[in-house]
Amino acid sequence: MTIRGKAFIAGAHEHPRRELPDHSIPQIHAEVALGALADAGLSLADVDAYFCDSSNGFGPISMIEYLGLQPRYFESTETGGSSYLVHVGHAAAAIAAGRCQIALITMAGLARSRGMAAVARSTGSPEASFESTWGLSAVSAYALAAQRHMYEFGTTSAQLAEVKVAASLHAQHNPNALLPKVVTVQEVLDSPLISSPLHRLDCCVVTDGGGAVVVVSPEVARELERTTVKVLGQAEAVKHLDNGRIDLTYTGAATSGPLAFEDAQVRPGDVDYASIYDSFTITVIETIEDLGFCAKGDGGTYVLEGALVAPFGRLPFNTDGGGLCNNHPSNRGGITKIIEAVRQLRGEAHPAVQVPDCEIAVAHGTGGSIGTRMGSSTLILGREDA
Amino acid sequence: MTAALPIPVPERTPETEPFWSATARGQLVLAHCDACGTVIWYPKTLCPACGATSISWVEASGHGSVYSFTVVHRAPGPFKDAVPFVIAYVELDEGPRVLTNIVGGSPDLIHIGQRMRVVFSDTGDGSALYRFEPIE
């Protein structure tokens with residue numbers, strides 16, 4: 001059964017700040033929850049389903065209490081930065097099954113104030129001893145993928161840099177972006193190598209903050225004054241080492257993408273705007289291939305000549321500036337991917353980057369690491385009348 | 387001055403004890419499925435190919451080739467003073483691509499496909515880290 005048209009996103013809110021040393025993590029959850037509910041024209045008392053991750057050592061039980069909710073449905077699927085894109089699909093399925101009508105999804109974290117160590121994944125996983133002993137950072141893991149992609153397909157550092165340039169061209173219009181300055185390909189190439197072949201400017205920003213969305217039933221959506229966004233489809237996948245035979249040239253999007261497009265009954269060619277997870281520039285290159293916007297291996301050439309630049313590129317992407325320039329709260333960019341897609345479909349993106357007549361959008365998340373294992377989720381959204 | 391590469395002590399479990407105790411003897415052993423023969427990575431007692439739970443530990447050749455690599459210039463924690471150093475996936479001749487460090491050569495000369503052999507870094511805790519060096 002498809003989830004197409006079974007649920008609508010009625011509210012979305014991104015925390016406006018990128019540094020929140022004066023906040024606790026639950027406070028941020030609460031602020032974005034209230035922001036998204038106000039956007040929808042709803043209140044905490046209306047919520048009957050709640051979703052959050054468990055990355056900060058607590059999950060739905062604690063946050064349901066903190067927020068004073070009485071939900072009859074809750075979930076804490078934890079797939080890193082893609083968690084929230086999974087949550088939307090699961091919320092839509094729960095709504096379609098009649099288990100709830102108004103689902104609140106919140107995300108919050110303090111990676112910038114508390115440092116990377118505060119959000120490091122815990123040890124104790126079965127793979128930990130075979131991967132944590134080599135000095136591997138998130139950057140290095142993605143660098144391994146980039147190096148292999150370059151080897152197999154001739155992808156260049158300058159092509160990767162085009163992704164950052166496009167993100168920065170968008171971020172200049174976002175007053176809340178951490179890095180609002182436009183950068184050039186040469187500036188990316190001249191930035192220090194962190195882990196070859198990735199430079200500092202191939203990496204996303206590290207920010208505090210968070211965001212929230214409200215997913216509602218068609219009946220509730222009809223009663224709300226606010227313009228809503230239709231959930232057309234979603235699918236998720238875990239791509240892993242495959243018993244040590246890992247192929248670093250593709251991501252979980254190769255599985256979740258086609259399934260989501262099938263669920264939504266649309267094709268990649270129908271997409272007007274794409275929120276593509278951009279923890280690093282290579283993440284975008286591999287993902288656009290995997291989602292079917294170009295052939296495997298062609299991502300590097302696809303992004304040339306402003307293909308990703310809104311409003312008139314072939315595939316306008318991450319018009320908020322993305323994780324590369326705007327916001328990557330708690331090293332988990334999934335919620336911001338949904339929020340910018342909602343802005344585009346409501347026609348509420350910044351006028352300089354609003355895609356004209358934006359009807360179909362994709363939001364894709366990658367959680368974990370493309371260098372080892374990841375949870376991927378592809379969410380297809382449409383305008384209210386799509 | 388670049389510091390020596392740290393040698394973190396891996397966490398051992400009853401399941402992985404045979405693997406780690408072999409490294410202390412200078413052996414790289416791989417779990418082979420008794421039912422279907424699949425070479426299993428990372429070390430565990432369930433065969434992900436067929437679901438069997440009977441495995442045998444078999445010494446590997448210790449040879450492989452570089453599948454991918456990165457020269458690390460900024461590193462976390464105890465590795466930060468050891469830069470530049472190399473992290474790689476080495477594809478063992480037995481099949482698995484294992485995450486590791488490449489040592490004993492100039493980072494600038496590492497390339498995909500380069501032949502490697504295993505070397506061990508003693509942790510002093512009854513185990514050793516399996517690292518790789520170029521075969522001249």
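Residue numbers (my numbering), protein chains in the order written: chain A, 1 to 386; chain B, 387 to 522.
In this text, a Cβ means the ideal position worked out from N, Cα and C, and glycines have one as well.
Note that this is a predicted model, so its numbers are computed, not measured.
Measuring CB to CB, does residue i end up less than 8 Å from residue j?
i	j	result
B/Ala410	B/Ser513	yes
B/Leu416	B/Val444	yes
A/Ile3	A/Ala93	yes
A/Asp208	A/Leu20	yes
B/Ser454	B/Ile488	no
A/Arg245	B/Gly481	yes
A/Thr378	A/Ala235	yes
A/Val309	A/Leu169	yes
A/Leu198	A/Ala146	yes
B/Ala389	B/Asp467	yes
A/Ala49	A/Phe74	yes
A/Leu160	A/Thr255	no
A/Ser82	A/Thr366	yes
B/Thr431	B/Glu401	yes
A/Ala30	A/Tyr66	yes
A/Val183	A/Val206	no
A/Ala363	A/Leu85	yes
A/Tyr142	A/Gly371	yes
A/Val342	A/Ile9	yes
A/His387	A/Asn174	Any question about residue 387 of chain A goes unanswered here, given that chain A covers just 1 to 386.
B/His418	B/Ser442	yes
A/Val229	A/Ala108	no
A/Ala274	A/Leu224	no
A/His13	A/Ala177	no
B/Leu478	B/Gly450	yes
A/Phe293	A/Pro268	yes
A/Val163	A/Arg373	no
A/Cys52	A/Ser76	yes
B/Phe518	B/Val476	yes
A/Cys204	A/Gly89	no
A/Ser217	B/Pro396	no
A/Gly299	A/Thr155	yes
Alpha helix (DSSP H) containing residue i: first to last residue?
i	result
B/Tyr428	Premise fails: B/Tyr428 is in no alpha helix (DSSP H) and is neither H nor E.
A/Pro60	Pro60 to Leu67
A/Thr336	Gly334 to Arg346
Since residue i and residue j are thought to touch, with beta carbons under 8 Å apart, how far apart are those beta carbons, to the nearest angstrom?
i	j	result
A/Val408	A/Leu42	Given that chain A is displayed from residue 1 to residue 386, the structure contains no residue 408 of chain A and the question cannot be resolved.
A/Gly297	A/Glu305	18 Å between Cβ atoms; not a contact.
B/Ala421	B/Ala446	Actually they do not touch by this definition, with Cβ atoms about 20 Å apart.
A/Gly135	B/Phe506	Not really, about 17 Å apart at Cβ, beyond 8 Å.
A/Gly210	A/Ile28	5 Å
A/Asp46	A/Ile102	5 Å
A/Leu201	A/Ser157	About 11 Å separates the two Cβ atoms, so there is no contact after all.
A/Asp278	A/Val284	5 Å
A/His149	A/Glu286	7 Å
B/Leu414	B/Gly463	About 25 Å separates the two Cβ atoms, so there is no contact after all.
A/Ala253	A/Ile380	That belief does not hold up - the Cβ atoms of A/Ala253 and A/Ile380 are roughly 13 Å apart, past 8 Å.
Considering just the uninterrupted stretch of the beta strand (DSSP E) at residue i, what are its terminal residues?
i	result
A/His13	Phe8 to Glu14
A/Ile380	Met374 to Arg383
A/Phe317	Taken as a continuous stretch (DSSP letters only), A/Phe317 belongs to no beta strand (DSSP E), as it is neither H nor E.
B/Ser507	Arg501 to Asp508
A/Val214	Asp208 to Val216
A/Thr79	Per DSSP, A/Thr79 belongs to no beta strand (DSSP E) and is neither H nor E.
B/Ile521	Unbroken run through B/Ile521: none, as it is neither H nor E.
B/Thr402	That residue, B/Thr402, is in no beta strand (DSSP E); it is neither H nor E in DSSP.
A/Gly368	Ile360 to Gly368
Any beta carbon from chain E within less than 8 Å of residue i's own beta carbon?
i	result
B/Ser454	Given the protein chain composition of this structure (A and B), no chain E is represented.
Is there at least one non-hydrogen atom of the ligand ATP closer than 7 Å to the beta-carbon of residue i?
i	result
B/Cys419	This structure does not include the ligand ATP; it has no bound ligands of any sort.
- Message: What ranges does the alpha helix (DSSP H) occupy inside the segment 220-299 of chain A, keeping only unbroken runs of at least 4 residues that lie completely in it?
- Response: 253-264 and 281-290
- Item | Any beta strand (DSSP E) of 3 or more consecutive residues that is wholly inside the segment 406-486 of chain B | 415-419, 441-445, 449-458 and 471-478
- Task: Check each residue of the segment 244-262 of chain A: if its Cβ is closer than 7 Å to any Cβ of chain B, include it; give the result in chain order.
- Result: Gly244, Arg245, Ile246 and Leu248
- Message: Which runs of the beta strand (DSSP E) at least 3 residues long sit entirely within the segment 84-156 of chain A? Give them in chain order.
- Response: 102-110
- Message: Suppose only complete runs of 3+ residues qualify. What are the beta strand (DSSP E) ranges in the segment 150-195 of chain A, listed by chain order?
- Response: 193-195
- Task: Taking only beta carbons into account, state which residues of the segment 123-134 of chain A come closer than 9 Å to chain B, listed in chain order.
- Result: Thr123, Gly124, Pro126, Glu127, Ala128, Ser129, Phe130, Glu131, Ser132, Thr133 and Trp134
- Query: What residue ranges within the segment 22-55 of chain A form continuous beta strand (DSSP E) runs of no fewer than 3 residues, ordered along the chain?
  - Reply: 49-51
- Would you list, in chain order, the members of the segment 181-194 of chain A that have their beta-carbon closer than 9 Å to a beta-carbon of chain B? Pro192, Leu193 and Ile194
- Task: Could you list the residues in the segment 425-438 of chain B with a C-beta less than 9 Å from some C-beta on chain A, going in chain order?
- Result: Val425, Ile426, Trp427, Tyr428, Pro429, Lys430, Cys433, Pro434 and Ala435
- Name, going along the chain, the residues of the segment 149-161 of chain A whose beta-carbon falls closer than 8 Å to a beta-carbon of chain B. Tyr151
- Query: Which of the residues in the segment 310-339 of chain A, read from start to end, lie with their CB under 9 Å from any CB of chain B?
  - Reply: none
- Message: Counting only Cβ-Cβ distances shorter than 8 Å, please list the residues of the segment 485-502 of chain B near chain A, keeping chain order.
- Response: Leu485, Thr486, Asn487 and Ile498
- Query: Going along the chain, which residues of the segment 198-215 of chain A sit with their C-beta nearer than 9 Å to a C-beta in chain B?
  - Reply: Leu198 and Arg200
- Using a beta-carbon distance cut-off of less than 9 Å, what residues from the segment 442-469 of chain B approach chain A? Tyr453, Ser454, Phe455, Thr456, Val457, Val458, His459, Arg460, Ala461, Pro462, Gly463, Pro464, Phe465, Lys466, Ala468 and Val469
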